[in-house]
Amino acid sequence: MPSLRARGVRGWAFTYYYTVSRKGYATLHRTRTLTSPEQLSERVGRVRPSPTLAVTARAAELRAAGRDIIGLGAGEPDFDTPEHIKEAAIAAIRAGQTKYTPVDGTPALKQAVIDKFRRENDLDFTPEEILVSCGGKQSFYNLAQALLDPGDEVVIPAPYWVSYPDMVLLADGVPVIVPAGPDQRFKITPEQLEGALTERTRLFVINSPSNPTGMAYSEAELAALGAVLRRHPRVMIATDDMYEHIRWSEAPFRNILNVCPDLRERTVVLNGVSKAYAMTGWRIGYAGGPAWLIRAMKKIQSQSTSNPASVSQAAAEAALNGDQQCVRDMVAAFRARHDWLVEALDRLPGVHCLPGDGTFYTFPSFHEVIEAMPDVDDDVALAEKLIEEANVALVPGSAFGAPGHMRLSFATSIEVLREAVERIARVLPG
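Position 355 of the sequence shown, counting from 1, maps to 347 under the numbering used here, and the rest follow consecutively.
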């Protein structure tokens, strides 16, 4: 039958036609033809570029234009990669270790990860339960792609790392955001978790110590969350331990699997070398979890990046197996900066800053500041004002699901932090 009409929508031309059956029933059909080569997938429209990387790029752009910008948006240590790690990479290059490796990582690096888990976390994994990826971000991406079906829900406490919701959306999942404010030290309660879980929940994500808040869950808090999760056997758990080593407490690090070992077959431990060893550019993350899930994540990785860079794997092996004094030295510097910055921010009028338990971020509230400034509607506008008028780049809390806050990275010297706080103070009211 001839077409009834044709029209263009968002780069597509739709042609409608109908057919008539022997019994006289008419059926309407539609075909579509791509009319513009610039038409992108709906998937791309679901996600946003990384806000933290955007702030860093904006600061770099303004510096290149001659502006004296202090960037406190970076999510990476300011220290150089330790020498013994760099030397291991150089030795690997000279030894010709520049070919493909197994998709899930070299046997030597996987053994180093297994040894690390056993030595530092009292967790036992086999090689089949370990996957090495191109950074912690790919580890979580692999997990979401392997685990989620369209419409599956992922419970994410807020404030959250900026990429969690978007990677869930890329996997056709539904992020369920559970807000936790400063009155509860940015940590969700068992009651909140219970209220967020439904028959569609497939994954619960916990990040401790947290990016962006620096807060860590206690053993008692983890046990209480575990008690809720036991009642929901379909729900998997992802514990993101990337900031495990950057903590002020002398007590051993504990994650939910340490506290609730009976949840082992439902838990994936995510970690990497980026933060603890100042290796963000080397792009090595790793996951430990049930073999059935690790196999699926490996399959996803085999059709995307294949193996992580061979030289980076050699460097990561040296990081995990080598002397850990370099980590302790960096953590001592981070703690001194944290203590200074929290006190300095808390003295600013209208700014309230809780001390954190670790990481190299602090997450003060600027709610009162925003309310007192007629030309500032929200934290995004305040961040724009600070970079334009104070030459200080911060990441607005809205990027982390917590409007009214700002994330400040103290991965820089106290002298730079002092100058940044003085510049911010000159812009704030009062």
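Glycine included, each C-beta is placed from N, C-alpha and C at the ideal position. None of these values were measured; they are calculated from a predicted model.
For Leu420, same chain residues with a beta-carbon under 7 angstroms away, outside a window of 5 residues either side, are Leu340, Pro341, Gly342 and Val361 in chain order. Put simply, the segment 388 to 406 touches the segment 361 to 377. At least three CB pairs are less than 8 angstroms apart. Of all alpha-carbon atoms in Asn113, Arg320, Ala81 and Pro41, the one lying nearest the alpha-carbon of Gly280 is that of Asn113. For the set Phe392, Gly393, Val384 and Gly314, the Cα lying nearest the Cα of Asp107 is the one of Gly314.
When the five nearest sequence neighbours on each side are left out, the beta carbons in the same chain lying within less than 6 angstroms of the beta carbon of Thr231 are those of Ile198, Asn247, Ile248 and Val261, in order along the chain.
With a 10 Å radius around the Cβ and a threshold of 16 neighbouring Cβ atoms, Glu121 comes out buried. Assigned with DSSP and collapsed to three states, Thr297 falls in coil, not helix or strand.
Take Ala66, set aside five residues on each side of it, and the residues of its chain with a beta-carbon closer than 7 angstroms to its own are Thr48, Ser401 and Ala403, in chain order. In this structure, the straight-line span from the alpha carbon of Ser302 to that of Arg111 is close to 25 angstroms. CA-CA distance, Ala188 to Arg239, rounds to 29 angstroms. DSSP places Arg40 in the coil class of the three-state scheme, outside both helix and strand. The residue among Tyr353, Pro366 and Gly127 with its C-alpha nearest the C-alpha of Met207 is Tyr353. Look at the segment 37 to 110 and you find these whole runs of alpha helix (DSSP H), each 4 residues long or longer: 43 to 56 and 75 to 86. Taking Arg55 as reference, the option from Ser405, Val384 and Val413 with the minimal CA-CA separation is Val384. A straight-line Cα-Cα distance of about 28 angstroms links Asn299 and Asp144. Taking 8 angstroms as the upper bound for CB-CB distance, Val105 and Tyr269 are not in contact here, some 13 angstroms apart.
Between Val160 and Ala136, the C-beta gap is smaller than 8 angstroms, which places the two residues in contact. With a cut-off of 8 angstroms on Cβ pairs, the segment 172 to 180 is not in contact with the segment 308 to 322, counting fewer than three such pairs. A straight line joining the alpha-carbon of Arg287 with that of Gly127 spans about 18 angstroms. Separation of the CB atoms of Leu221 and Leu255 is rounded to 6 angstroms, and the pair is thereby assigned contact status at 8 angstroms.
Residue burial is scored here from C-beta neighbours: Tyr92 has fewer than 16 other C-beta atoms within 10 angstroms and is therefore classed as exposed. The segment 39 to 47 makes contact with the segment 149 to 165; the number of CB pairs closer than 8 angstroms reaches 3 or more. Cβ atoms of Ser304 and Ile276 come within 8 angstroms of each other, at about 5 angstroms. Ser125: not part of any alpha helix (DSSP H); member of the beta strand (DSSP E) spanning Ile122 to Ser125, first to last residue. If you keep only unbroken beta strand (DSSP E) runs of at least 3 residues inside the segment 198 to 250, you get 228 to 232.
For Arg192 and Asp349, the gap between their C-alpha atoms comes out near 33 angstroms.
Boundaries of the alpha helix (DSSP H) around Ile406: Ile406 to Val419. With 16 or more neighbouring CB atoms inside 10 Å of its own CB, Trp274 falls in the buried class.
DSSP places Ile362 inside the alpha helix (DSSP H), whose first and last residues are His359 to Ala364. Only residues of its own chain outside the window of five on either side were considered, and among them Asn383 have a CB closer than 8 angstroms to the CB of Arg59, listed in chain order.
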